[in-house]
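Novice: Sequential numbering from 780 applies to the sequence shown in the numbering used here.
Even glycine gets a Cβ: it sits at the ideal position worked out from N, Cα and C.
Since this is a predicted model, take the numbers as computed values, not measurements.
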Amino acid sequence: MFAKFRQKLPGPKATAFWTTAATLVTVYRYNKRESTRLLDEYKQRASHAALETIGSLDTPRKVHVYVAVPMSELGTRRARQHWEKYILPVFAAGALDYEITLVNETETENGVERVIRGGVHRLVADEIKDRRRRQLESEDDNEELRLWRAALDERKAENERRELKNKLGVEPGMSVFELWKEKEYPGVMDIVAIGRETWIEVVNGVSDGAVGSLNMEIPPLVPLDSEKSSTPEPAKPEQTSGSEQAPATEQAPATEQSPVSEQTPATEQSPGSEQTNTNQISGSDQTTHMINYDRFDNHSMVALPAVAYIGHKNLTGWASVPQRIFNFFHDQQNVDEYARQALQVVYESTRRGAHGMEEIEAMGREEEELESWRDQPSLDIVVDSRVADCLQIYDTQNDNAPPLEN
């Protein structure tokens, strides 16, 4: 009887196989359960911020999330998955409004595609510089800048209309045009940087925007597709009818003029003409103007956005395979770290002044020791001392958010 029973038992190899398989499945299920429990705990802590009341005239908080391409990657797919898995659920639980910008700029050289860095830097700096320009325009003595702003807004509106017409193929109506335009946030959006790469570009952009040059160029008109296809060839005067477009050297259409040059000649009556660099665009009658804001700048510091760092340890390469396997079965450590950092952003009370350049440079430095950072161009933090002294950050390295109430 016992002999027949022993014959039905699995052998040593089969026993080892099923034991290992059962152990791995058990560990994986335990990891999923603990990860879900930790994430739900942070979501419950964030939900108390959603219940806070605000005044009827107050603007709800909104943050601008920037995501750059991680090191050793050619796209933002992994960073986007990181955002959706660990950070977005906490923001949603805390009813924190956000605007996310994924910056992915690449170029191909000699058949090799590579990432172009600096896109986040440029976007952050331009946003702060525009706020500085509008502050100068609001001053009573700067009527000249307000005239330039009106010309600039007119040119931008015309370019947006032309770009939309090129997309639709027909002249857009005002209702479509207004729906296509994005409404601006009335306040100052704090910035969330995901990953060490994004953090370096963000703080450099904040410094550049706060102390950099404010001079800007009025962009040229965007050409219409219909104009490109119907460009007239040089012809004799008797071959040009009144309905056709004359060559640019003979007559310039009134609709192709710059908003500024339509009203006042650039060399005589345009605002700030003595400080304007005027260059002729080759092949057209459009004229570009450089608006000199720097001569009106009193170098006063505008309200800067607070900056938050949320880590992203991008594991790539064969050397990272053991760590990735470990994370597959033990992901609760990542949930605990990244969800906790996201929770600090939900509560404005965790915002404080940065402790000098040392803390700014040390934020996320451990990511540079990963395999993905090897043989990559170095990124340096360059922040003006005046900006470092007044920069506000979210203390994402500690858990200072309100605890979970029992």
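(1) In this structure, what does DSSP give as the bridge partners for residue 845?
(2) What would DSSP say about residue 887, mapped onto helix, strand or coil?
(3) Take the Cβ of residue 908 as the centre, count every other Cβ of all protein chains shown within 10 Å, and call the residue buried at 16 or more, exposed below.
(4) With respect to the alpha helix (DSSP H) encompassing residue 860, which residues constitute its N-terminal and C-terminal limits?
(5) Taking the alpha-carbon positions, what's the residue 1057 to residue 1069 distance?
(6) Report the residue from 946, 934, 990 whose alpha carbon sits nearest the alpha carbon of residue 998.
(7) If I'm right that residue 1139 touches residue 981 with Cβ under 8 Å, what's the distance once you round it to whole angstroms?
(8) Looking at the structure shown, is residue 1056 part of a helix, part of a strand, or coil, going by DSSP?
(9) According to DSSP, simplified to helix, strand and coil, what is residue 833?
(10) Tell me, to the nearest whole angstrom, how far the beta carbon of residue 1097 is from that of residue 850; I am working on the premise that it is less than 8 Å.
(11) Can you tell me the Cα-Cα spacing of residue 996 and residue 939, whole angstroms?
(12) According to the neighbour-count rule (16 or more other Cβ atoms, all chains shown, within 10 Å of its Cβ), is residue 794 buried or exposed?
(13) So, for residue 967: in the same chain, excluding its five sequence neighbours on each side, which residues have a beta-carbon less than 7 Å away from its beta-carbon?
(14) Look at the Cβ atom of residue 1090, then the Cβ atom of residue 1150, and state whether they are nearer than 8 Å.
(15) Return the first residue and the last residue of the alpha helix (DSSP H) that residue 756 is part of.
(16) For residue 795, decide whether its Cβ has a neighbour in chain B, counting only Cβ atoms nearer than 8 Å.
(17) Identify the continuous alpha helix (DSSP H) that holds residue 1139 and give its terminal residues.
(18) According to the neighbour-count rule (16 or more other Cβ atoms, all chains shown, within 10 Å of its Cβ), is residue 845 buried or exposed?
(19) The beta strand (DSSP E) that contains residue 1132, what's its start and end?
(20) For residue 893, does the three-state DSSP call read helix, strand or coil?
(21) Should the segment 1127-1135 be called in touch with the segment 1157-1175, which here means at least 3 C-beta pairs below 8 Å?
(22) Cα separation between residue 1092 and residue 858?
(23) Comparing alpha-carbon positions, which option in 931, 993, 1179 lies nearest residue 915?
(24) Does DSSP put residue 1070 in a helix, a strand or coil?
(25) Quick check on the DSSP output: the alpha helix (DSSP H) that includes residue 1172 runs from which residue to which?
(26) Opposite residue 1104 in the DSSP bridges: which residues?
(27) Just to confirm before moving on: does the CB-CB distance between residue 1179 and residue 1075 stay below 8 Å?
(28) So which of 1117, 1088, 991, 887 has the shortest CA-CA distance to residue 1162?
(29) Please list, in chain order, all residues of the same chain as residue 888 whose beta carbon is under 8 Å from its beta carbon, the five residues on each side excluded.
(30) Can you check DSSP and say which residues form a bridge with residue 1089?
(31) Going by other Cβ atoms of all chains shown within 10 Å of its Cβ, with 16 needed for buried, is residue 843 buried or exposed?
(32) Going straight from the alpha carbon of residue 1022 to that of residue 927, what length do you get?
(33) Rounding to the nearest angstrom, what Cα-Cα distance links residue 813 and residue 986 in this structure?
(34) Where does residue 936 land, buried or exposed, given buried means 16+ other C-beta within 10 angstroms?
(35) Just how far apart, CA to CA, sit residue 1127 and residue 890?
(36) Which of the three DSSP states, helix, strand or coil, is assigned to residue 738?
Specialist: Taking the coordinates as given:
(1) Start at 1 with the first residue of the sequence shown, and residue 845 comes out as number 66. 880, 972, per the DSSP bridge assignment.
(2) The residue you call residue 887 lines up with position 108 of the sequence shown. Here residue 887 sits in strand by DSSP.
(3) Residue mapping note: residue 908 aligns to position 129 of the sequence shown, counting from 1. Residue 908 is buried by the Cβ-count criterion.
(4) Here residue 860 corresponds to residue number 81 of the sequence shown, with the count starting at 1. If you look at residue 860, you'll find it in the alpha helix (DSSP H) that goes 856-861.
(5) Reading the sequence shown from its first residue, position 278 is the one you call residue 1057. Reading the sequence shown from its first residue, position 290 is the one you call residue 1069. Unreliable positioning characterises residue 1057 in this predicted model, as indicated by a pLDDT of 36, which lies under 50. A coordinate reading is not provided.
(6) Within the sequence shown, the letter at position 219 stands for residue 998. Per the Cα distances, 934.
(7) Against the sequence shown, residue 1139 aligns to sequence position 360. Against the sequence shown, residue 981 aligns to sequence position 202. Contact doesn't hold; Cβ gap of about 11 Å is too wide.
(8) Along the sequence shown, one-based indexing puts residue 1056 at 277. Its pLDDT being 39, under 50, residue 1056 is placed unreliably in this model, and the value from its coordinates should be taken loosely. Note: residue 1056 maps to coil in three-state DSSP.
(9) The count along the sequence shown starts at 1 and reaches residue 833 at position 54. Coil, per DSSP.
(10) Position 318 of the sequence shown, counted from the start, is the residue given in the question as residue 1097. Position 71 of the sequence shown, counted from the start, is the residue given in the question as residue 850. Rounded, the Cβ-Cβ distance is 16 Å, inconsistent with contact.
(11) Along the sequence shown, one-based indexing puts residue 996 at 217. Along the sequence shown, one-based indexing puts residue 939 at 160. Looking at the two C-alpha atoms, the distance is approximately 17 Å.
(12) Position 15 of the sequence shown holds residue 794. Exposed, because fewer than 16 other Cβ atoms sit within 10 Å of the Cβ of residue 794.
(13) Sequence index remark: in the sequence shown, residue 967 carries index 188 (1-based). Excluding positions up to five away in sequence, the list reads 1082, 1084.
(14) Here residue 1090 is taken as the residue at index 311 of the sequence shown, counted from 1. Here residue 1150 is taken as the residue at index 371 of the sequence shown, counted from 1. No, they are not a contact pair.
(15) Given a span of 780 to 1185 for the chain in the structure shown, any question on residue 756 remains unanswerable.
(16) Among the chains of the structure shown, chain B does not appear; only one protein chain is present.
(17) Position 360 of the sequence shown, counting from 1, holds the residue named residue 1139. Per DSSP, residue 1139 is one residue of the alpha helix (DSSP H) stretching across 1135-1141.
(18) Start at 1 with the first residue of the sequence shown, and residue 845 comes out as number 66. So residue 845 counts as buried.
(19) Here residue 1132 is taken as the residue at index 353 of the sequence shown, counted from 1. 1130-1132 is the extent of the beta strand (DSSP E) around residue 1132.
(20) Looking up residue 893 in the sequence shown gives position 114. Reduced to three states, the DSSP call for residue 893 is strand.
(21) yes
(22) Along the sequence shown, one-based indexing puts residue 1092 at 313. Along the sequence shown, one-based indexing puts residue 858 at 79. Approximately 10 Å, taken between the alpha carbons.
(23) Here residue 915 refers to the residue found at position 136 of the sequence shown. With distances taken between Cα atoms, residue 915 lies closest to 993.
(24) Residue mapping note: residue 1070 aligns to position 291 of the sequence shown, counting from 1. Residue 1070 falls in the strand class under three-state DSSP.
(25) Reading the sequence shown from its first residue, position 393 is the one you call residue 1172. Segment 1171-1173 is the beta strand (DSSP E) holding residue 1172; no alpha helix (DSSP H) there.
(26) Counted from its first residue, the sequence shown places residue 1104 at position 325. According to DSSP, which records beta bridges pairwise, residue 1104 is partnered with nothing at all.
(27) Within the sequence shown, numbered from 1, the residue matching residue 1179 stands at position 400. Within the sequence shown, numbered from 1, the residue matching residue 1075 stands at position 296. No, they are not a contact pair.
(28) For the purposes of this step, residue 1162 is identified with residue 383 of the sequence shown, where counting begins at 1. Here the closest residue by C-alpha is 991.
(29) Position 109 of the sequence shown, counting from 1, holds the residue named residue 888. For residue 888, where only same-chain residues beyond five positions count, there are no Cβ hits under 8 Å.
(30) Working through the sequence shown from its first residue, we reach residue 1089 at position 310. Note: residue 1089 sits in a beta bridge opposite 973.
(31) Taking the first residue of the sequence shown as position 1, residue 843 is located at position 64. In the assembly as shown, residue 843 is a buried residue. Its beta-carbon has 16 or more other beta-carbons within 10 Å.
(32) Stepping through the sequence shown from its first residue, residue 1022 is reached at position 243. Stepping through the sequence shown from its first residue, residue 927 is reached at position 148. Because the pLDDT at residue 1022 is just 40, under 50, the model does not fix this residue reliably, and the value given afterwards should be weighed accordingly. CA-to-CA, the gap between residue 1022 and residue 927 works out to about 34 Å.
(33) Here residue 813 corresponds to residue number 34 of the sequence shown, with the count starting at 1. Here residue 986 corresponds to residue number 207 of the sequence shown, with the count starting at 1. Cα-Cα distance, rounded: 41 Å.
(34) Residue mapping note: residue 936 aligns to position 157 of the sequence shown, counting from 1. Its Cβ having fewer than 16 others within 10 Å, residue 936 is exposed.
(35) As a working note, residue 1127 is residue 348 in the sequence shown. As a working note, residue 890 is residue 111 in the sequence shown. Using only the alpha carbons, I get a separation of about 47 Å.
(36) The chain is shown only over 780 to 1185; residue 738 falls outside these bounds and no answer can be derived.
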